[in-house]
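Residue numbers (our numbering): 420 to 823.
Below, the structure is given as structure tokens:
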């Protein structure tokens, strides 16, 4: 009888440099969105490097999908934390995030340097492909997050509320209302108890991190309202967006659009062009924040603005995942929390569905040619299952040919 080779113990330690190199490779090559990223992580860190076993990895993925924020980035931070401590968590984030952030900041420089670029057919193609990408996200999320009539109804309710109150207040209100309805009315099976891998974060440290997360979420908007600093207001908007994104990175689109377009920090055309470009780079979709920060007027803009808002949108993800790790079993065993999260996840489908109409559709689909290009891109993504990066490139080319 053959036996499986023994895995190293789960408390095996590495270095921050080792973590940085491993995640930099993934940051340069991980196309396809968060679901694909989780597959890349499993191949690299479970099957090849044996940093943890299948059960521990599945448990970590479940935690990060339960929390708000970019799930794949949170899994990466936790993997780095488990391998090399706090410096390992930072190294994992830097390696996975910076390649796409740098690419998007450079794209923002191009849009600012050449005025004609924002109105070119190629950039119009990027705006159109955003329609296909968001439609694909709504399509996939609705099937997994709205499997019954109640949750489908929550999604419809959330979409109607966001369309009636087109601001961050409407979006946050829809998410909160979805959680309340889910907690009161959903019926879910109780989860069986489980044992979890230790990440060397004490309950005291976890409580401090979660308290810091909550304090910043409450104090930043208050400070921004009292002060007269555009930079502080932008940091507050991006921190809130990073704190309230449930269900996938695409949900950040309506939250950021409500924060930066009505204030005229970024035009809607530039916003959608950057969102389309974000589909063409590897790594997490949250690096779209780097494009927006680089495209904003002074005192933000350029490298400093891009990196500042990149940190602002990812900070809540780190505070939440590191803070929640020692409390995961307590969280997952609370049926009321599970029901509330089911309602929240259904509501974000509605929030994203409303964003698909306004601003994505209303800004990009202005002709039959644009609609045809969006329909073709949707078909390539959903049915042909081509790489999003390839579909973005084809859409930019199609926009240059059809929409110039």
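Even for Gly, the Cβ is constructed at its ideal location relative to N, Cα and C. Remember, predicted model here, so these are calculated numbers, not experimental data.
Taking 8 Å as the cut-off, the Cβ atoms of residue 641 and residue 651 do not count as close. Secondary structure note for residue 765: its alpha helix (DSSP H) is the uninterrupted segment 754 to 774. Exclusion of the five residues before and after residue 494 leaves 457, 460, 479, 480, 483 as the residues of its chain whose Cβ lies within less than 7 Å of its Cβ. Here the alpha carbons of residue 470 and residue 588 stand approximately 42 Å from one another. Taking each of 821, 806, 784, 723 in turn and checking the Cα distance to residue 546, the smallest one comes out for 784. Under the three-state reduction of DSSP output, residue 784 falls in the coil class, being neither helix nor strand. Given a length threshold of 4 residues, the region 502 to 526 has no whole run of the alpha helix (DSSP H) inside it.
Per the coordinates, the alpha-carbon of residue 736 lies some 12 Å from the alpha-carbon of residue 633. In this structure, residue 506 sits away from residue 441, with a CB-CB distance that is not shorter than 8 Å. Bounds of the alpha helix (DSSP H) holding residue 634 are 622 to 645.
Taking C-beta separations shorter than 8 Å and ignoring five residues to either side along the sequence, residue 532 has no partners in its chain. Restricting attention to 474, 574, 711, 446, the CA atom closest to the CA of residue 766 is found in 574.
For residue 700, the CB contacts under 6 Å within the same chain, skipping 5 residues up- and downstream, are 519, 522 in chain order. The alpha-carbon of residue 603 is positioned some 27 Å away from that of residue 742. Judged by DSSP in its simplified three-state form, residue 567 adopts coil rather than helix or strand. Residue 542 sits in a helix when the DSSP states are folded into three classes. Short of 8 Å from the beta carbon of residue 679, and not among the five residues preceding or following it, lie these beta carbons of its own chain, in chain order: 653, 656, 685, 690, 711, 715.
In this structure, the CA atom of residue 749 is about 20 Å from the CA atom of residue 665.
Going by beta carbons, residue 499 and residue 761 fall outside the 8 Å limit.
For residue 465, there is no enclosing alpha helix (DSSP H), since its DSSP letter is neither H nor E.
A direct Cα-Cα distance of roughly 43 Å separates residue 541 from residue 631.
Between the C-alpha atoms of residue 590 and residue 671 there is a straight-line separation of about 11 Å. The alpha-carbon of residue 444 is positioned some 11 Å away from that of residue 437.
Taking 8 Å as the cut-off, the Cβ atoms of residue 452 and residue 807 count as close.
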